[in-house]
Amino acid sequence: MELRALVGLAALLPSGAFATEYFTAAQVQALAFPDADRFEPRHALLDAAAQARLQAPPVSQLAKGQLAYVVASRQGEVIGTLAIDEVIGKYERIRFAVALDRAGVVKQIEILSYSESHGQEVRLAAWRKQFAGKPATAALQVGKDIANISGATLSCTHVTEGVRRLVTALAALRAAGTLA
Amino acid sequence: MNTLPLRRTAICLALAAFAAPALADPASERALIERVDRLARELEAVKAELAAMKASDAVSAAPVAATSSVAASEPATVLTSYGEINLTVPTEQPEATQFDIQRFVLGFQHRFNAKTKLISELEVEHAVTSADDAGEVAIEQAYVEREISDRFSLRGGLMLMPLGFLNETHEPTTYYGVQRNFVETAIIPSTLREGGVQGVFTLGEGYTLQTGVVTGPDLSSWDATSTDGIESPLAAVHQEGQLAKARDPSFFGALNWRGIPGLQLGASAIGGNATHGTPGFPTASYLLWDVHARYSPGAWKLSALYAQGSFSNTAALNAPLVGNPTLFPKRFDGALVEAGYKLWQQDDLSLEPFARWEQFNTGRRYADLGAGLTPARRPTERVTTLGASLFLSEGVVLKADYQFFQQANDADRLNLGLGWSF
């Protein structure tokens with residue numbers, strides 16, 4: 175169907191150079207939803223007002239007014255969604271994924287790639303676990319409900335902001351009934 | 341979406357053009373009508389699907405074609421900068437009030453390929469540099485980093501040593517106070533940089549190890565007639581990559597643990613022989629080490645650091661210098677505790693008051709040279725700093741603080757500063 179996004183998430187990702195790719199898009203969706211038997215790539219366009227509210231940096235797909243995501247399902251039943259985006263840490267790109275459960279609560283986040291010289295502690299499971307269980311209404315802000323990592327402040331702050339943007343955008347899709 | 345009316349119009353025009361020559365045949369006319377009906381039904385189905393994909397006021401459906409614009413190349417070279425412009429008002433000596441462009445730093449990072457990049461910073465201190473001015477131009481860092489694996493990188497060149505909190509992360513937006521703290525200025529001479537090679541190991545579970553072999557200070561450059569060695573013993577003999585004597589290497593290591601979000605525990609050390617076989621100088625070494633902890637629960641940022649430096653064989657080093665004002669200390673050290681709190685935040689604006697207490701002694705102990713010859717220990721200075729940082733954005737900060745000196749209490753001062761970093 176022409177109007178349905180049939181492209182995979184990987185095709186939607188920016189082409190910037192990364193020093194290390196820890197996960198591909200396919201690997202991270204399998205990691206987040208090991209029980210899923212189907213991943214349906216979808217794509218939506220932000221309207222101007224939403225784009226302005228999200229204040230995404232230029233490297234983010236949201237800054238182009240787009241939201242690529244996948245809907246994970248098992249035996250025909252939706253079990254969650256996953257989106258991948260990018261932020262700048264201090265000087266370079268960080269690619270990350272946010273997986274939400276069926277109710278829109280953060281299930282986990284993963285760092286797909288990181289190339290800064292400092293601050294790669296954002297990859298630590300202990301730091302990423304702080305996001306698990308956070309609903310769309312959570313502050314998702316370093317210094318409030320997300321603890322900082324000394325020496326990785328910019329990476330922590332920008333990844334957290336990126337997660338909040340994706341959670342907000344996906345919550346809007348959910349509210350519109352398009353994630354069913 | 342405004343694509344639907346355009347699509348329907350286009351289909352109707354196409355059908356009209358296709359149908360016109362066939363209308364004379366009744367069978368063809370029926371077939372055409374059925375075809376139009378079928379297309380109309382499909383069009384309605386498309387319309388319904390499009391409506392279903394529309395989000396409320398935040399997100400709406402879109403054709404896939406737009407995604408091609410997501411792909412973007414990034415520049416291989418990134419320009420960076422930080423700077424500090426300060427006003428210092430000694431309240432007991434207002435005539436000494438001073439405005440200074442303390443640091444203006446330009447740097448660039450260039451990525452040669454996915455695994456190799458150059459990091460550099462060129463610093464101008466005190467605005468003007470010439471034979472008659474106090475300014476200084478220096479390469480603060482210039483090294484190439486090669487990623488060997490996702491857990492190991494190698495660096496080579498002139499690098500900031502991973503000591504304490506400030507030495508590697510020294511931009512004004514990253515620390516409290518208009519001036520850098522005294523412990524990480526007088527004891528750890530931030531920004532201490534050395535030339536050599538460094539390995540950075542990400543060990544897992546939050547441990548990071550940095551270790552390497554680099555140049556060190558040149559103890560033979562100690563000027564006993566100057567007060568430089570009193571202000572900061574190691575800053576008085578550092579070489580900073582300037583035609584540096586390199587016969588005696590220094591070795592360094594730093595281990596930091598960040599396994600619990602918000603907590604950092606770390607220790608570092610650098611040392612080695614440092615007289616480089618200079619004729620007339622006895623062999624002597626130095627050691628500088630620190631332990632540090634930072635905890636950031638919620639809006640708080642709590643820090644503590646202890647640093648100690650020492651020179652060996654100072655009795656022999658000082659023997660020919662007796663009678664001069666500044667002899668080699670056997671030991672120098674300092675400690676600080678600091679608490680900051682993000683009191684207010686609105687969008688990019690935030691206000692963070694802080695308090696810091698520190699003590700330091702650049703001549704804690706001297707080697708025994710005999711009665712009447714051994715220098716007296718220097719008094720321990722204790723400084724309390726109260727102030728606040730007002731961030732105008734993540735990269736711009738206005739700072740104000742007041743510093744109380746216990747020993748040199750006529751040096752109490754008000755500091756105002758503007759800093760940036762990007």
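Each protein sequence line maps, in turn, to chains A and B. So the first sequence is numbered by my numbering: it starts at 175 and just counts up by one. So the second sequence is numbered by my numbering: it starts at 341 and just counts up by one. Here a beta-carbon is modelled for each residue, glycine too, at the ideal position from N, C-alpha and C. The structure displayed is predicted, hence computed values, not measured ones.
Judged by their CB atoms, glutamate 678 of chain B and lysine 641 of chain B are nearer to each other than the 9 Å cut-off.
Residue environment: threonine 431 of chain B is assigned as exposed (fewer than 16 neighbouring CB atoms within 10 Å of its CB, all protein chains considered).
Per DSSP, glutamine 747 of chain B lies in no beta strand (DSSP E) segment and is marked neither H nor E.
Excluding sequence positions up to five before and after alanine 575 of chain B, its CB lies within less than 6 Å of the CB of Pro529, all in the same chain and listed in chain order.
With respect to the 9 Å criterion, glutamate 424 of chain B and proline 512 of chain B are classified as neighbours on the basis of their beta carbons. A residue is called buried when at least 16 other Cβ atoms come within 10 angstroms of its Cβ; proline 719 of chain B does not meet this threshold and is exposed.
Threonine 509 of chain B is classed as buried because its beta carbon has at least 16 other beta carbons within 10 Å across all chains shown.
Cβ-Cβ distances below 6 Å link glutamate 290 of chain A to Gly263, Lys264 and Glu266 in the same chain, with the five nearest sequence neighbours on each side left out; the list follows chain order. Of B:Leu559, B:Ile570, B:Glu692 and B:Val477, the smallest CA-CA separation from proline 589 of chain B is found for B:Leu559.
Three or more Cβ pairs closer than 8 Å define a contact, and the segment 462 to 473 of chain B meets that threshold against the segment 443 to 451 of chain B.
The alpha-carbon of asparagine 749 of chain B is positioned some 25 Å away from that of leucine 758 of chain B. Just measuring C-alpha positions, the residue of B:Asp563, B:Pro601, B:Ala467 and B:Val736 sitting nearest phenylalanine 668 of chain B is B:Asp563. The segment 216 to 228 of chain A and the segment 333 to 345 of chain A touch, with three or more beta-carbon pairs separated by less than 8 Å. Shortest Cα-Cα distance from glycine 593 of chain B to any of B:Glu580, B:Leu503, B:Leu657 and B:Phe621 involves B:Leu503. The alpha-carbon separation between threonine 615 of chain B and valine 553 of chain B amounts to approximately 16 Å.
Bridge pairing for alanine 257 of chain A: A:Tyr243 and A:Val272 [DSSP].
If you draw a straight line from the Cα of tyrosine 635 of chain B to the Cα of arginine 302 of chain A, it is about 17 Å long.
DSSP places lysine 281 of chain A within a strand segment (E or B) once states are collapsed to three.
Using a CB distance below 8 Å, the part of the segment 604 to 637 of chain B facing chain A consists of Gln604, Arg634, Ser636 and Pro637, ordered along the chain. Think of a sphere of 8 Å around the beta carbon of glutamate 571 of chain B: no beta carbon from chain A falls inside it, the nearest being about 28 Å out.
The beta-carbon of glutamine 294 of chain A is placed less than 9 Å from the nearest beta-carbon of chain B. Under the DSSP definition of a beta bridge, threonine 456 of chain B partners with B:Asn453 and B:Arg486. Assigned with DSSP and collapsed to three states, histidine 510 of chain B falls in coil, not helix or strand.
In summary, alanine 224 of chain A is buried, with 16 or more beta-carbon neighbours lying within 10 Å of its beta-carbon over all protein chains present. A straight line joining the alpha-carbon of serine 489 of chain B with that of glycine 546 of chain B spans about 17 Å. Glutamate 214 of chain A is outside the set of residues whose beta carbon lies under 9 Å from a beta carbon in chain B. Counting every other CB atom within 10 Å of its CB across the protein chains shown gives glutamate 260 of chain A a total of 16 or more, marking it as buried. Of all residues in the segment 505 to 530 of chain B, only Phe505, Glu508, Thr509 and Thr514 place a beta-carbon less than 8 Å from a beta-carbon of chain A. Collapsing the DSSP output to three states places phenylalanine 305 of chain A in a helix.
Here the segment 198 to 215 of chain A makes contact with the segment 230 to 249 of chain A; the two share three or more CB pairs at distances below 8 Å. For isoleucine 527 of chain B, the secondary structure class from DSSP, reduced to helix, strand or coil, is helix. In the structure shown, arginine 722 of chain B adopts extended strand secondary structure according to DSSP, grouped into three states. At least 9 Å separates the beta-carbon of alanine 624 of chain B from that of phenylalanine 591 of chain B.
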